[in-house]
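What follows is one structure encoded as structure tokens, with my remarks underneath.
Protein chains: 2
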Amino acid sequence: MNHPLLRRADVDFLLFDWLDLDSLFEQEKFTDHNRETIGAVFDLSERLAAEVFMPHYKVSDSIEPYLDADGVHVLPAIGDALRQYAQLGLFSASFSTDLGGFGLPYAVTATSYAWFAAANASTAAYIMLTVANARLISTFGSPAQIETFALPQIEGRWFGTMCLSEPQAGSNLGDVQTRAARDGEDEMGARYRLTGNKMWISGGDQDISENIVHLVLAKVPDAEGKLPTGTSGISLFIVPRAMPDGSRNDVAVAGLNHKMGYRGTSNCLLNFGENGGAIGWLVGSEGEGLRQMFMMMNEARISVGFGAAALAYRGYQHALAYAKDRGQGRTRPDGPQTPIIEHADVRRMLVAQKCYAEGALALCMYCARLVDEDKDAESAALLALLTPVAKTWSSEFGLAANDLAIQVHGGYGYTRDFDVEQLYRDNRLNPIHEGTTGIQGMDLLGRKILRGDKGLDVLRDRIASTIASARDITELNVMAMQIRASWREIETAIQAVGKRPGRRALDDATPFLFAFGHAVMGWLWLDLAVAASRALPQLSGDARNVAKGKILSCRYFYSYELMKITAWLTPVNDDCDILNTSIYSL
Amino acid sequence: MNHPLLRRADVDFLLFDWLDLDSLFEQEKFTDHNRETIGAVFDLSERLAAEVFMPHYKVSDSIEPYLDADGVHVLPAIGDALRQYAQLGLFSASFSTDLGGFGLPYAVTATSYAWFAAANASTAAYIMLTVANARLISTFGSPAQIETFALPQIEGRWFGTMCLSEPQAGSNLGDVQTRAARDGEDEMGARYRLTGNKMWISGGDQDISENIVHLVLAKVPDAEGKLPTGTSGISLFIVPRAMPDGSRNDVAVAGLNHKMGYRGTSNCLLNFGENGGAIGWLVGSEGEGLRQMFMMMNEARISVGFGAAALAYRGYQHALAYAKDRGQGRTRPDGPQTPIIEHADVRRMLVAQKCYAEGALALCMYCARLVDEDKDAESAALLALLTPVAKTWSSEFGLAANDLAIQVHGGYGYTRDFDVEQLYRDNRLNPIHEGTTGIQGMDLLGRKILRGDKGLDVLRDRIASTIASARDITELNVMAMQIRASWREIETAIQAVGKRPGRRALDDATPFLFAFGHAVMGWLWLDLAVAASRALPQLSGDARNVAKGKILSCRYFYSYELMKITAWLTPVNDDCDILNTSIYSL
Chain F
1 MNHPLLRRAD
11 VDFLLFDWLD
21 LDSLFEQEKF
31 TDHNRETIGA
41 VFDLSERLAA
51 EVFMPHYKVS
61 DSIEPYLDAD
71 GVHVLPAIGD
81 ALRQYAQLGL
91 FSASFSTDLG
101 GFGLPYAVTA
111 TSYAWFAAAN
121 ASTAAYIMLT
131 VANARLISTF
141 GSPAQIETFA
151 LPQIEGRWFG
161 TMCLSEPQAG
171 SNLGDVQTRA
181 ARDGEDEMGA
191 RYRLTGNKMW
201 ISGGDQDISE
211 NIVHLVLAKV
221 PDAEGKLPTG
231 TSGISLFIVP
241 RAMPDGSRND
251 VAVAGLNHKM
261 GYRGTSNCLL
271 NFGENGGAIG
281 WLVGSEGEGL
291 RQMFMMMNEA
301 RISVGFGAAA
311 LAYRGYQHAL
321 AYAKDRGQGR
331 TRPDGPQTPI
341 IEHADVRRML
351 VAQKCYAEGA
361 LALCMYCARL
371 VDEDKDAESA
381 ALLALLTPVA
391 KTWSSEFGLA
401 ANDLAIQVHG
411 GYGYTRDFDV
421 EQLYRDNRLN
431 PIHEGTTGIQ
441 GMDLLGRKIL
451 RGDKGLDVLR
461 DRIASTIASA
471 RDITELNVMA
481 MQIRASWREI
491 ETAIQAVGKR
501 PGRRALDDAT
511 PFLFAFGHAV
521 MGWLWLDLAV
531 AASRALPQLS
541 GDARNVAKGK
551 ILSCRYFYSY
561 ELMKITAWLT
571 PVNDDCDILN
581 TSIYSL
Chain U
1 MNHPLLRRAD
11 VDFLLFDWLD
21 LDSLFEQEKF
31 TDHNRETIGA
41 VFDLSERLAA
51 EVFMPHYKVS
61 DSIEPYLDAD
71 GVHVLPAIGD
81 ALRQYAQLGL
91 FSASFSTDLG
101 GFGLPYAVTA
111 TSYAWFAAAN
121 ASTAAYIMLT
131 VANARLISTF
141 GSPAQIETFA
151 LPQIEGRWFG
161 TMCLSEPQAG
171 SNLGDVQTRA
181 ARDGEDEMGA
191 RYRLTGNKMW
201 ISGGDQDISE
211 NIVHLVLAKV
221 PDAEGKLPTG
231 TSGISLFIVP
241 RAMPDGSRND
251 VAVAGLNHKM
261 GYRGTSNCLL
271 NFGENGGAIG
281 WLVGSEGEGL
291 RQMFMMMNEA
301 RISVGFGAAA
311 LAYRGYQHAL
321 AYAKDRGQGR
331 TRPDGPQTPI
341 IEHADVRRML
351 VAQKCYAEGA
361 LALCMYCARL
371 VDEDKDAESA
381 ALLALLTPVA
391 KTWSSEFGLA
401 ANDLAIQVHG
411 GYGYTRDFDV
421 EQLYRDNRLN
431 PIHEGTTGIQ
441 GMDLLGRKIL
451 RGDKGLDVLR
461 DRIASTIASA
471 RDITELNVMA
481 MQIRASWREI
491 ETAIQAVGKR
501 PGRRALDDAT
511 PFLFAFGHAV
521 MGWLWLDLAV
531 AASRALPQLS
541 GDARNVAKGK
551 ILSCRYFYSY
561 ELMKITAWLT
571 PVNDDCDILN
581 TSIYSL
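Protein chains in written order, with the numbering used here: chain F, 1 to 586; chain U, 1 to 586.
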């Protein structure tokens, strides 16, 4: 297919030549699948994304959702696209067969999702939210809750939301003030009345699904009506827009947020319980809300990474095509115009985008592949360590790739006539939602490294193994030495921050995350180059081009990117403590 | 005044404590001025920017210029603001008294402009274009041309444009196809008929000035009707929208470009000569167009730097105020909410913005001060060297500052309810127009350094002088050693690229520009810290705070930024030649 979305030969290389997806089919839960069934899912995804999701990309940016007395109205083309997605059964793809799903590996469904995110990020967002919601209910909910609230989402008839933030509580969920007062029991379980305001609710209201299932974090007051402090008192509730009998629940849209990008996804301030309390049912037990939500959150963070990678990937394809087509400058005054791809600086911007976009996609796929490992402790620990990296590296460098895609287009890239400016605006959300870059840095350094989790040990082993393989390949052995040196720098920095007093250990968590992210990507690029070198003799045609491209991209990364690690680690090691001076009051 | 624009005490520190503006008043052309007259200009600028330009910032983004049969219509508030600016005589501020101006130093008028650019970049753009146009005509035009076309612009009644690019000729002006056929002579000089299309014309049409003066680059065909190749055949023409007698000239708006930001500035595709040829008068002689335009272009590039710095500066002020006000997280679960400025990562993002915004403003002011030096050869050479740096560093790191301003605001920063997302969209233009970052890199390395211009010698002397001063100040002497080492790296890289074959010398001109820019900023931050250390004993109040802030910002730059130079120079030194591989066809 001719489209600027994910390149199929690249996806095939990553999944089959690199991540050995074939070995997954030996797991009992995946025995129904093989290369052919997965190829069919990808064929379908690619075509639907290009033919149905991509055509309304521009219009869903310019005609935003609006609110009237009936609620929020969304561009009908978004609803049409999602109905086709549902009719093909794709909402159910990652669910087990007993829930009516295809039981596909996460590595496959996440990749399928990336085609849709590349084609239309804001239309695809409804998919991600709905699937995550249904997964949470089907994991922690009662059979009746699953039957009533998860299945219609798995069928794609109802859509879901995640109601975490409040106007006064964004990154810190301990400050949640929404209250849930016990209101008896029915066939759905313990029933509550919820009152409170929820902010930044994507898909919080819309007119393109039959119903909306809100998953709401709230606190249950004690006998004196006082809410528990901190995060341990948070519980999770299912609050449908329309009740199972069709009557309207007490959930109102207080306003729409008007965003820089991602405009097709409605984003709402919701008021719960303005008229006596919205009815909600507890999921699991009281006080388990944050733990439940975080099980979903890790998947959501990898999905954000996939989305950011997909936007970067599409931007790169647009820029590459433009650079081959657009003439500017001549080698001789009377010679023909040169396509701008002949100019070194344009080539630098293109290969940087390739490296950021393909690298981010590879990183996210690596994480998705870990999800599919039979939840062994090693894979789980490594996944926990890499999740903040997959989320942040893809978001930050995916955005950097989109910035370069604009720059390749020159003035045209700054206009809304070309897609690259919208890709850039859309991607700017990704370093913010599902935990900002700053939050991810603290998660990585504070929770995943300084507490001595064994994810780092697993990572060390895998890097050592990649280095051992690369050492035997002539054109890669210098890079094997370079990545070993970079990882020594990371280890030194971990020692240095470990010696800082108390909370100061995390002061430079973000520069550390950037350094760590580049070190992870350095390892993965080398690992990709090893896989490509090994596969090359068997490959031909486009698959061969992809593999050769991986080896050259790896060289670019080691020549232009790897040494940034040293710069980011300098403040981490030096602890100059400028951040704790009086500079802000001067 | 309480506003988020330039901080007056900072401006005063830069101009008087650092750049010794007082010594300028000894130059004969500036003897009418002193601290008081300049203070009055700044008072006026600050107030008009905050009270008249800033209030329509949002609305000029959401209600874009539109085109109908009468031409382009612009938000009336933009016209109102510019009329007030004109009534106060500010269009004339930088012109000599014999042209009806105030004869103010450029360092003063450029600073005044920065307040307006911070308040409303797209309204201020009409000022920059008009002043640059009038300056060009008053420098190269005949007395009749000056009288007819420059003076109404100096009065602010007519506005000006620069018509360089064409749809097929952006960065490469040698490809200009607009033709000018000789059509006699009149009191305005040699008259021509112009035909052709001009793209990206800011202010190309509007309904807020009495007339529009286009300055158009075009080529005069030879006897066979053939246009000269390359840039040497380019000439400059004055083409008014309405003729001096009030009749309409043959200039038509073919379309409006719809941009990501800077939306209040209309941006047009203009068709010249659809009905027989637009009448234009030659400025100077044929073939001098590019030289004339480039004299203006250097000033325009520094103005872009000022604009980018101003947007970054305002974004920082918004983020600082937000961070002090917004609560999120608690140090104890039952304690009060902490303002987010207490969080280390927020503090890091704030001090980075301060360093980028205040650093960019200082760099541009340093260049503006060089413009005012009586055009001695040393200052001119240094100015030529620093112009691509002032343009690019301010644009790239000003945008980075605006990115961080959004991040400090979290989800709110991504909405159009807050100003920071618009500042970011506005600033994204600056690395593109008036020569992209890639073009500036080639200018710096190719034209200003590798040809052996003496600007680099002047810079070396000035850096040595700063280092000598810093060595005597206890808290700065380590940084004096660091910047010396960084400059040694720059010198080594210059040697390395000089040895590359032919055009390959410029392959890594952009990474070199980034490294060079940070080395220049490292020098300037140290120079600012020296000036601040010396001035501190005499300062009190806000002036004292500003000076202390400069010393701490300098420390931040040396702790978090300076070492990036090494990373950017690595590919410059290593010449791995990845850019010339087949990667783009794979």
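Even for Gly, the Cβ is constructed at its ideal location relative to N, Cα and C. Here the structure is a predicted model, which means the values were calculated and not measured.
Going by alpha carbons, who is nearest to residue i out of the options?
i                : options                                  : result
Gly327 (chain U) : F:Asn172, F:Ile154 and F:Ser469          : F:Asn172
Gly398 (chain F) : F:Trp487, F:Asp205, F:Ala308 and F:Phe13 : F:Ala308
Asp70 (chain F)  : F:Phe42, F:Ala252 and F:Phe272           : F:Ala252
Pro333 (chain U) : F:Gly174, F:Trp115 and F:Ala352          : F:Gly174
Arg35 (chain F)  : F:Pro537, F:Ala532, F:Leu82 and F:Asp22  : F:Asp22
Phe30 (chain U)  : U:Val108, U:Pro55 and U:Val11            : U:Val108
Leu444 (chain U) : U:Thr474, U:Val389 and U:Gly435          : U:Val389
Ser142 (chain U) : U:Met295, U:Phe42, U:Glu187 and U:Met243 : U:Glu187
Ala118 (chain F) : F:Glu358, F:Asn477 and F:Glu475          : F:Glu358
Quick check: the Cα distance between residue i and residue j, rounded to an integer number of angstroms?
i                : j                : result
Met293 (chain F) : Ser235 (chain F) : 9 Å
Ser379 (chain F) : Arg462 (chain F) : 11 Å
Leu227 (chain U) : Ala169 (chain U) : 15 Å
His258 (chain F) : Asp417 (chain U) : 7 Å
Ser465 (chain F) : Ala485 (chain F) : 15 Å
Glu286 (chain F) : Gly280 (chain F) : 13 Å
Tyr424 (chain U) : Ala310 (chain F) : 22 Å
Asn275 (chain F) : Asp250 (chain F) : 6 Å
Arg135 (chain U) : Phe272 (chain U) : 23 Å
Tyr126 (chain F) : Asp527 (chain F) : 34 Å
Ala93 (chain F)  : Lys354 (chain F) : 29 Å
Gly498 (chain U) : Leu24 (chain F)  : 54 Å
Spatial neighbours of residue i within its chain, please: C-beta separation below 7 Å, excluding the five flanking residues on both sides.
i                : result
Tyr414 (chain F) : Ile406 and Glu421
His73 (chain U)  : Pro65, Tyr66 and Asp207
Tyr322 (chain U) : Val408 and His409
Met199 (chain F) : Ser165, Glu166, Pro167 and Leu269
Could you name the residues of the same chain whose beta carbon sits closer than 6 Å to that of residue i, not counting the 5 residues immediately before and after it, in chain order?
i                : result
Phe140 (chain F) : Val283, Gly284 and Gln292
Trp568 (chain F) : Pro511, Phe514 and Ala515
Arg8 (chain F)   : none
Asp508 (chain U) : Pro571 and Val572
Ile341 (chain F) : Ala323 and Lys324
The ligand GTP and residue i: does any heavy atom of the ligand fall closer than 7 Å to the residue's C-beta?
i              : result
Asn2 (chain F) : For the structure depicted, the ligand GTP is absent and the ligand set is empty, with no information on it obtainable.
In chain U, what lies closer than 9 Å to residue i by C-beta?
i                : result
Thr161 (chain F) : Within 9 Å Cβ-Cβ: nothing; Thr161 (chain F) doesn't reach chain U, min ~15 Å.
Applying a beta-carbon distance threshold of less than 7 Å, which residues of chain F neighbour residue i?
i                : result
Ser533 (chain U) : Under the 7 Å cutoff, chain F gives no residues; its nearest Cβ is about 15 Å from Ser533 (chain U).
Asn545 (chain U) : Leu586
In chain order, what residues of the same chain lie with their CB nearer than 8 Å to the CB of residue i, ignoring the 5 residues before and after it?
i                : result
Thr437 (chain F) : Thr392, Ser395, Glu396, Pro431, Thr510 and Leu513
Ser60 (chain F)  : Leu75, Ala77, Ile78, Asn120, Ser122, Thr123, Arg263 and Gly264
Ala496 (chain F) : Val572, Asn573 and Asp575
Thr229 (chain U) : Gly174
If the cut is a Cβ gap below 8 Å, which residues of chain F does residue i touch?
i                : result
Ser171 (chain U) : Gln328, Gly329 and Gly410
Got a sec: which bits of the stretch 438-463 of chain U sit with their beta carbon under 7 Å from any beta carbon on chain F, in order along the chain? So the list reads Gly438 and Gly441, given in the order they occur along the chain.
Residues of the stretch 249-270 of chain U with Cβ closer than 7 Å to any Cβ of chain F, in chain order: Of all residues in the stretch 249-270 of chain U, those with a C-beta nearer than 7 Å to a C-beta of chain F are Asn257, His258, Lys259 and Met260, reading in chain order.
Contact residues within the stretch 496-510 of chain U, judged by C-beta distance below 9 Å to chain F: Listed by position along the chain: Arg503, Arg504, Leu506, Asp507, Asp508, Ala509 and Thr510.
With 8 Å as the limit, tell me which residues of the stretch 405-422 of chain F have their beta carbon closer than that to any beta carbon of chain U; keep them in chain order. Hits within the stretch, in order: Ile406, Gln407, Gly410, Gly411, Gly413, Tyr414, Thr415, Arg416, Asp417 and Glu421.
Output, in sequence order along the chain, the residues in the stretch 202-231 of chain U whose CB is closer than 8 Å to any CB in chain F. Cβ contacts with chain F come from Thr229 and Gly230.
What residues from the stretch 125-139 of chain F come within 8 Å of chain U, judged by C-beta to C-beta, listed N to C? Within the stretch 125-139 of chain F, no residue qualifies.
Using a Cβ cut-off of 7 Å, which residues of the stretch 9-39 of chain F contact any Cβ in chain U, in chain order? Cβ contacts with chain U come from no residue of the stretch 9-39 of chain F.
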